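**Student:** Below is a structure I'd like to ask you about.
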Amino acid sequence: MESNDDKFVILEKGATVMDVIDQKIKEQMLTENTDAFSVADLGDLVHQHLLWQRTLPRVKPFYAVKCNTSKPVVQILAQMGLGFDCASKNEIATIRDIGVPAQRIIYANPCKEVSHIKYAVIHGVQMMTFDNEDELNKVAMNHPTAKMVLRIAVNDFTSQSPLSGKFGASMSECRQLLEYAKALNLDTIGVSFHVGSGCTDPKIFAQAIADARVVFDIGINLGFQMYLLDIGGGFPGTAKGKVTLEQLAAEINLALDIYFPDKTEVQIIAEPGRYYVMSSFTLAVNIIARKIVKYSQPSSNDEEAGNEKTMMYYLNDGLYGSFNNFAQYRELLKPIVYKKHSLDQTLYNTRIWGPTCDAWDHISDTWKLPELEIGDWLLFQNNGAYTVSTSTTFNGFHAAMTHYVISKEAWKTLQKIKRETQSPVQEQDDVDTQHLVRH
Ligand SMILES: Cc1ncc(COP(=O)(O)O)c(C=O)c1O
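Each number in our numbering corresponds to the 1-based position in the sequence shown with 170 added.
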């Protein structure tokens, strides 16, 4: 099976991601190639979208491009009719290049570079967020017909990555900001917020929606026609986290019915990132070096009772690659040891490092694993969010290659959704229907 960063193949009935991993490892080993790689199951995006539509029927998703920018991912999401949250000129270019109309883009970065605002003008992007007066001045000078969305801060300290320390106006600032927008003759159409990535408390959404209502009413009193509520991201990428999509949705749907009961006047959108892509990617990494630390060695700090040694493994992907946004999700990402058949079931304290020379390039100390050797493979599931898009080439290591696959069933469902949506976007020209992965 040939594949590159944009192509994807359809899996024959019964074939799984694990079959693809088997095949790839076998192929790579023929040429002694131990490079790390990912397998992306694009059917997972289809599954997540159907679940979203059932669970949050009033909320139209605008996928947060920053979370995973790869072309097959954004193409499939575009074909299913999603909108997009772009944070920069390049993200706008990525989405416009696949044929998504500018009306389906929100430029959701409250602090934008002027040249990027000008780029948005050229490409017809109108909706954009703000949270301060200077931003309004910049937009008034460079994009006077923009449709402004006021981002408010929320109490997000229980989320895994809080954002309100950096972005969002406080409730006490909102009236003044809206008056300022009015004075500059900038049209303000709504309110946005973000509860922090990895939200663990559904009540934060309910409070934020209530706050948004207050700001809506201030805007309406000032003469703006407020018609957009953007409830941001923060939705979980797997069902195994602290909260599920369903738990968040129960609070959100209730709050929307209380504070925004009129379904025709206000359009509700969200900016999910992690939710759509986290579970679709599985990363395969190779152990490229190993050190065994014996407790008798003076440099060892390991006093834990139990086994007499700690294993140190060095992988060919790390913090500067796919594990950049990893810390908060450690429990969900414990690796699976790939096909290692050993009679010795002893589990050892294990310290895992990335390949660079930087000591920060450290992945975990907490997992207990059986004894492994150089050349063994580890598989990390749920590896699609903030991995591909945050990889660097530090120390000369390049990002892991991705092989994209989709099951026949998911492919058919996608075609059905496309027909129903009739979304005017670029067709998938890279699908390799001849080349099926067989079980
Ligand atoms: C403005 C904005 N929207 C959406 C997202 C996506 O968040 P998540 O991946 O938690 O859904 C982010 C993430 O940082 C963001 O900054």
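We put the beta carbon where it would ideally sit given N, CA and C, even for glycine. A quick note: this is a predicted structure, and the numbers were derived from the prediction, not measured.
According to DSSP, is residue 414 helix, strand or coil?
**Tutor:** coil
**Student:** Measuring alpha carbon to alpha carbon, tell me which residue in 289, 288, 282 is nearest residue 304.
**Tutor:** 282
**Student:** Grab me the residues of residue 470's own chain with a C-beta within less than 8 Å of its C-beta, minus the 5 sequence neighbours each way, in chain order.
**Tutor:** Only weak support exists for where residue 470 lies, its pLDDT of 49 falling under 50; the value from the coordinates is given anyway. Answer for residue 470: 463, 464, 480, listed in chain order.
**Student:** Helix or strand or just coil, what does DSSP make of residue 394?
**Tutor:** coil
**Student:** Report whether the distance from the Cβ of residue 444 to the nearest heavy atom of ligand 1 is below 7 Å.
**Tutor:** yes
**Student:** Quick one: does the C-beta of residue 364 sit closer than 7 Å to a heavy atom of ligand 1?
**Tutor:** yes
**Student:** Could you name each continuous alpha helix (DSSP H) segment of 4 residues or more that falls completely within the segment 219-294, going from the start of the chain to the end?
**Tutor:** 241-249, 259-267, 284-292
**Student:** Counting only runs of 4+ residues fully inside the segment 430-492, write out the alpha helix (DSSP H) ranges in chain order.
**Tutor:** 444-447
**Student:** In whole angstroms, what is the alpha-carbon distance linking residue 295 and residue 536?
**Tutor:** 46 Å
**Student:** Should residue 446 and residue 249 be called a contact, given that it needs their Cβ atoms to be closer than 8 Å?
**Tutor:** no
**Student:** Taking C-alpha atoms, which residue in 268, 245, 307, 316 lies nearest to residue 289?
**Tutor:** 316
**Student:** Start and end of the alpha helix (DSSP H) containing residue 190?
**Tutor:** 187-200
**Student:** Given this structure, state the Cα-to-Cα distance separating residue 473 from residue 238, to the nearest angstrom.
**Tutor:** Because the pLDDT at residue 473 is just 49, under 50, the model does not fix this residue reliably, and the point stays unresolved.
**Student:** Using a Cβ-Cβ cutoff of less than 7 Å, which residues in the same chain neighbour residue 293 once the five nearest sequence positions on both sides are dropped?
**Tutor:** Sequence-distant Cβ neighbours of residue 293 in its own chain, meaning closer than 7 Å and more than five residues away, are 262, 266, 272.
**Student:** Taking residue 622 as the reference, give the member of 327, 522, 286 with the closest Cα.
**Tutor:** In this structure the chain extends from 171 to 609, so residue 622 is not present and cannot be described.
**Student:** Short of 8 Å in beta carbon distance, which residues of its chain neighbour residue 312, apart from the five on each side in sequence? Order them along the chain.
**Tutor:** 284, 287, 288, 291
**Student:** Taking DSSP as the reference, what is the three-state secondary structure of residue 308?
**Tutor:** helix
**Student:** Mind checking which residues open and close the beta strand (DSSP E) that includes residue 583?
**Tutor:** Looking at the DSSP string, residue 583 is not in any beta strand (DSSP E); the run it does join, the alpha helix (DSSP H), is 578-591.
**Student:** Considering only the beta carbon of each residue, do residue 253 and residue 274 sit closer than 8 Å?
**Tutor:** yes
**Student:** Check each candidate in 235, 442, 432 and name the one with the smallest Cα separation from residue 221.
**Tutor:** 442
**Student:** Given 7 Å as the limit, tell me if residue 493 has its C-beta closer than that to any heavy atom belonging to ligand 1.
**Tutor:** no
**Student:** Does residue 538 come out as helix, strand or coil in the three-state DSSP assignment?
**Tutor:** strand
**Student:** If you draw a straight line from the alpha carbon of residue 323 to that of residue 400, how long is it in whole angstroms?
**Tutor:** 13 Å
**Student:** Identify, in the order they occur along the chain, each residue of the same chain with its Cβ nearer than 6 Å to the Cβ of residue 454, setting aside the five sequence neighbours on each side.
**Tutor:** Correct list, in chain order: 191, 207, 547, 549.
**Student:** Go through its chain and collect everything with a Cβ distance to residue 562's Cβ below 6 Å, but skip five positions before and after it.
**Tutor:** 490
**Student:** Provide the residue span of the alpha helix (DSSP H) that contains residue 342, from first to last.
**Tutor:** 341-353
**Student:** Among all the DSSP beta bridges, which residues are the ones paired with residue 323?
**Tutor:** Beta-bridge analysis with DSSP links residue 323 to no other residue.
**Student:** So, does the segment 186-204 touch the segment 395-412, judging by three or more C-beta pairs under 8 Å?
**Tutor:** no
**Student:** Could you tell me whether the Cβ atoms of residue 226 and residue 419 are closer together than 8 Å?
**Tutor:** yes
**Student:** Would you list the residues sitting across from residue 518 in a DSSP beta bridge?
**Tutor:** 539
**Student:** For my contact list, residue 181 and residue 578 are in at a C-beta cut-off of 8 Å; report their separation, rounded to the angstrom.
**Tutor:** Taking 8 Å as the upper bound for CB-CB distance, residue 181 and residue 578 are in contact here, some 7 Å apart.
**Student:** For residue 629, does the three-state DSSP call read helix, strand or coil?
**Tutor:** Past the boundaries of the shown model lies residue 629; the chain is included only from 171 to 609, so the question cannot be answered.
**Student:** Taking 8 Å as the cut-off, decide whether the C-beta atoms of residue 326 and residue 365 are in contact.
**Tutor:** yes
**Student:** Given a threshold of 16 other Cβ atoms within 10 Å of its Cβ, counted over all protein chains shown, does residue 512 qualify as buried or as exposed?
**Tutor:** exposed
**Student:** Which residues share a DSSP beta bridge with residue 558?
**Tutor:** DSSP lists no partner for residue 558.
**Student:** Please tell me whether, using a cut-off of 7 Å, the distance from the CB of residue 236 to the nearest non-hydrogen atom of ligand 1 is below it.
**Tutor:** yes
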